[in-house]
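Numbering (our numbering), first residue to last: 7 to 557. Every residue, glycine too, gets a C-beta built ideally from N, C-alpha and C.
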Amino acid sequence: MDLILVTDPNGIFIRVSPSSFAIVGYRPEEMIGRNGTDFIYLEDLDGIRREMKLGRQSGQGTRNFETRYVHKNGAIISLAWSGVWSEPEQKYFLIGRDVTERKIAEEKLQRLAHYDQLTGLPNRTSLNEDLEEIFADLDARSVSIAIFDLDGFKDINDTLGHTIGDKLLEMVADRAAAGAAGRRVYRLGGDEFVLTLPDCGDPLVAIQAVKVMFGRLTECFEVEGHRLFVAASAGVAVAPAHGATIDELVANADLALYDAKNAGGRMPRLFVPTLRAKASARRELEGELRRACINHEFVLHFQPQVRSSDRTIVGVEALLRWQHPDKGLLAPAAFIDVLSESAVALEVSRWILTAACQVAASWRRQGISGLRIGVNLFAVQFRHGTLLDDVEVALNESGLPADALELEVTENIALRNDETIIASLQQLRAKGIGIAFDDFGTGYASLSCLTRFPLTRIKIDRSFIKNITEQSGAEDAAIVRSIIAMARNLKLEVTAEGVETAAQEALLAAEGCNELQGFRFSKPLPAKTFEMFASSYREMTTEERATGAAS
Numbered sequence: 007m008d009l010i011l012v013t014d015p016n017g018i019f020i021r022v023s024p025s026s027f028a029i030v031g032y033r034p035e036e037m038i039g040r041n042g043t044d045f046i047y048l049e050d051l052d053g054i055r056r057e058m059k060l061g062r063q064s065g066q067g068t069r070n071f072e073t074r075y076v077h078k079n080g081a082i083i084s085l086a087w088s089g090v091w092s093e094p095e096q097k098y099f100l101i102g103r104d105v106t107e108r109k110i111a112e113e114k115l116q117r118l119a120h121y122d123q124l125t126g127l128p129n130r131t132s133l134n135e136d137l138e139e140i141f142a143d144l145d146a147r148s149v150s151i152a153i154f155d156l157d158g159f160k161d162i163n164d165t166l167g168h169t170i171g172d173k174l175l176e177m178v179a180d181r182a183a184a185g186a187a188g189r190r191v192y193r194l195g196g197d198e199f200v201l202t203l204p205d206c207g208d209p210l211v212a213i214q215a216v217k218v219m220f221g222r223l224t225e226c227f228e229v230e231g232h233r234l235f236v237a238a239s240a241g242v243a244v245a246p247a248h249g250a251t252i253d254e255l256v257a258n259a260d261l262a263l264y265d266a267k268n269a270g271g272r273m274p275r276l277f278v279p280t281l282r283a284k285a286s287a288r289r290e291l292e293g294e295l296r297r298a299c300i301n302h303e304f305v306l307h308f309q310p311q312v313r314s315s316d317r318t319i320v321g322v323e324a325l326l327r328w329q330h331p332d333k334g335l336l337a338p339a340a341f342i343d344v345l346s347e348s349a350v351a352l353e354v355s356r357w358i359l360t361a362a363c364q365v366a367a368s369w370r371r372q373g374i375s376g377l378r379i380g381v382n383l384f385a386v387q388f389r390h391g392t393l394l395d396d397v398e399v400a401l402n403e404s405g406l407p408a409d410a411l412e413l414e415v416t417e418n419i420a421l422r423n424d425e426t427i428i429a430s431l432q433q434l435r436a437k438g439i440g441i442a443f444d445d446f447g448t449g450y451a452s453l454s455c456l457t458r459f460p461l462t463r464i465k466i467d468r469s470f471i472k473n474i475t476e477q478s479g480a481e482d483a484a485i486v487r488s489i490i491a492m493a494r495n496l497k498l499e500v501t502a503e504g505v506e507t508a509a510q511e512a513l514l515a516a517e518g519c520n521e522l523q524g525f526r527f528s529k530p531l532p533a534k535t536f537e538m539f540a541s542s543y544r545e546m547t548t549e550e551r552a553t554g555a556a557s
């Protein structure tokens with residue numbers, strides 16, 4: 007159904023078709039004699055006046071345009087017009103068609119293309135279009151961007167479910183937008199967002215803006231009865247200094263975000279050129295680690311754990327080493343961070359578990375019995391969900407008793423505080439396998455883990471042991487005493503790592519630390535060398551061990 011109108015040069019309706027009632031809610035007699043501007047949506051008035059003027063200037067040519075009318079019931083409708091100006095008659099002839107549904111559909115598609123459906127924030131497409139506008143005039147303008155995500159958000163999704171996670175993201179988006187001081191916040195996907203600061207070339211201003219926004223995010227979120235606290239990390243980059251193209255700017259902000267995460271999170275980090283070199287080195291290392299896995303370049307070394315009362319070897323920790331073809335034997339500090347997040351992390355972690363159990367079982371068959379073997383777990387073993395099966399296979403294939411195995415949980419695993427992780431550890435503990443918390447005391451998650459995790463042992467980090475006998479280490483000594491006392495009350499065994507001197511050994515033994523580990527007794531040794539060391543060590547008296555065990 008079309009609406010036919012005839013107007014004079016001033017836009018006064020002369021004729022109106024009967025279809026007007028169905029389309030705009032007015033009968034012809036209600037419109038004739040009135041100016042079209044009485045019915046046109048206010049924001050479109052300038053546009054229609056311009057079209058009418060151009061129509062008169064173009065003579066007999068047909069002009070096509072769209073405008074919005076206000077229906078008699080107050081609704082806004084969209085009309086597509088074809089208009090012809092008749093110079094001899096001094097009249098404008100117009101045929102209009104209701105395209106409201108089409109316009110609504112187009113707007114929905116536009117919104118779907120440019121806005122995130124969960125949070126209502128503009129999305130990656132909007133970000134790129136906004137940045138393209140700025141980059142088109144980058145000689146005269148600048149822009150800062152901050153890519154940020156939530157620390158530990160995956161844990162919330164995993165433990166409380168995606169419904170809670172989605173509602174939290176909605177609330178985070180609202181707070182981030184409110185704390186952005188009028189600047190735009192975009193959602194890229196998942197828990198990743200971007201804050202843009204157009205015409206801001208000062209990195210200090212950008213960093214401060216991020217901190218202000220983060221301040222809003224640290225307040226408690228109430229989500230369906232759950233009190234949730236989140237923190238965020240951000241990477242900041244400034245154009246044109248940190249990127250002459252949009253892709254380069256975003257990539258460099260991503261590198262800065264990764265740097266913030268590596269530094270512990272909960273902070274913004276500014277991009278610096280050295281991060282690009284670090285990223286390149288990391289990619290190269292990842293490639294080397296894949297090759298090392300294929301070529302079987304990883305080996306295990308073993309370090310004894312002795313009972314403090316008589317220096318008897320009661321345990322041994324399996325420690326990963328990399329026999330690099332060019333650089334020689336590498337300790338984990340040179341590669342473990344990259345390895346733990348690499349594509350071969352699961353394969354290597356399974357190999358460590360299997361190989362350690364096989365070596366320990368072999369020692370038992372050779373008469374070196376009574377040793378507990380400790381194996382460090384990787385976070386990927388929990389994420390993959392096959393840890394229980396992997397442990398069972400390693401024990402069954404090697405013949406090692408379950409109570410001869412101790413699995414060490416590091417803080418990057420404990421920080422997840424994931425119910426599935428805790429459940430897995432509880433099942434392992436039920437089989438008789440020991441659970442140790444490695445590097446205890448180095449992070450804020452340590453205390454909460456003592457009650458939530460089914461632990462049998464605490465391993466005090468070497469950083470607390472280093473200076474405990476020195477005047478400068480009085481605080482460390484006090485912390486060590488507190489940890490030992492706390493573990494005793496919780497009926498947990500305690501092992502001190504990094505013991506190197508007789509004085510450290512004496513102090514720890516006097517305080518009741520159950521076991522000691524470190525260069526005081528032996529450096530980590532290859533399996534065959536450890537066999538010989540353990541055999542000769544067992545033949546020594548306690549006094550001989552005190553004077554000659556270290557090697």
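CB of residue i within 9 Å of CB of residue j, strictly
i: TYR192; j: SER132; result: yes
i: GLN309; j: GLN523; result: yes
i: SER239; j: ALA266; result: yes
i: THR202; j: ILE151; result: yes
i: PRO460; j: ARG435; result: yes
i: LYS78; j: VAL30; result: yes
i: ASP197; j: LEU175; result: yes
i: HIS307; j: LEU531; result: yes
i: SER430; j: PHE384; result: no
i: ARG458; j: ILE428; result: yes
i: ALA566; j: ARG463; result: This structure cannot speak to residue 566, because the chain is shown only from 7 to 557.
i: GLU292; j: VAL344; result: yes
i: ASP444; j: ASN402; result: no
i: GLY595; j: ALA86; result: Any property of residue 595 remains undetermined from this structure, which presents the chain solely from 7 to 557.
i: ILE83; j: ASP50; result: no
i: VAL218; j: GLY195; result: no
i: GLN510; j: ILE466; result: no
i: VAL5; j: GLN329; result: Residue 5 is absent from the model: the chain starts at 7 and stops at 557.
i: THR507; j: ARG487; result: no
Three-state secondary structure (DSSP) of residue i
i: ARG272; result: coil
i: THR426; result: helix
i: MET7; result: coil
i: LYS472; result: coil
i: PHE227; result: strand
i: SER557; result: Because SER557 sits at a pLDDT of 45, beneath the cut-off of 50, its placement in the model cannot be relied upon, and the following sentence gives the value as read from the coordinates. DSSP places SER557 in coil when its eight states are reduced to three.
i: GLU303; result: coil
i: PHE525; result: coil
i: LYS114; result: helix
i: GLN311; result: strand
i: THR106; result: helix
i: HIS168; result: helix
i: LEU203; result: strand
i: ALA250; result: coil
i: LYS437; result: coil
i: ILE374; result: coil
i: LEU144; result: coil
i: PHE539; result: helix
i: PRO279; result: coil
i: THR501; result: strand
i: GLU95; result: coil
Boundaries of the beta strand (DSSP E) in which residue i is found, first to last residue
i: LEU326; result: 319-330
i: ILE153; result: 149-157
i: LYS78; result: Element bounds for LYS78: n/a, residue is neither H nor E.
i: VAL244; result: 237-245
i: GLY380; result: 378-382
i: GLU412; result: 411-415
i: LEU127; result: First-last for LEU127: undefined, no H or E at that position.
Limits of the unbroken alpha helix (DSSP H) element including residue i
i: ALA191; result: Here residue 191 is Val; the residue named in the question, Ala, does not match the sequence. It is not in any alpha helix (DSSP H) - VAL191 instead sits in the beta strand (DSSP E) that spans 191-195.
i: LEU514; result: 508-517
i: LEU133; result: 130-141
i: LEU85; result: First-last for LEU85: 82-92, but that is the beta strand (DSSP E), not the alpha helix (DSSP H).
Notebook entry, point to check: Any chance the segment 283-290 sits against the segment 495-504, with 3 or more Cβ pairs inside 8 Å?
Noted result: No, the segment 283-290 is not in contact with the segment 495-504.
Notebook entry, point to check: Counting pairs of beta carbons, one from the segment 245-261 and one from the segment 120-127, are three or more of them closer than 8 Å?
Noted result: Touching, no.
Check: Can we say the segment 355-367 touches the segment 404-417, given the rule of at least three CB pairs closer than 8 Å?
Finding: With a cut-off of 8 Å on Cβ pairs, the segment 355-367 is in contact with the segment 404-417, counting three or more such pairs.
Notebook entry, point to check: What are the complete alpha helix (DSSP H) segments, minimum 4 residues, inside the segment 324-368?
Noted result: Fully enclosed alpha helix (DSSP H) runs of 4 or longer: 342-346.
Notebook entry, point to check: Counting Cβ pairs closer than 8 Å, one from the segment 102-116 and one from the segment 139-154, do we hit at least three?
Noted result: Between the segment 102-116 and the segment 139-154 there are fewer than three inter-stretch CB-CB distances shorter than 8 Å, so the stretches are not counted as touching.
Check: At a cut of 8 Å, does the segment 36-55 reach the segment 88-97 through at least three beta carbon pairs?
Finding: Flag = no, the segment 36-55 and the segment 88-97 do not touch.
Margin query: Assess contact between the segment 153-170 and the segment 260-277, defined as three or more Cβ pairs (one per stretch) separated by less than 8 Å. Is contact present?
Written below: Cβ pair count under 8 Å is three or more, so yes.
Next item on the list: Counting only runs of 3+ residues fully inside the segment 19-71, write out the beta strand (DSSP E) ranges in chain order.
Entry: Within the segment 19-71, the complete beta strand (DSSP E) segments of 3 residues or longer fall at 19-22, listed in chain order.
Checklist line | the segment 505-521 touching the segment 312-332, judged by at least three CB pairs closer than 8 Å | finding: Touching, per the Cβ criterion.
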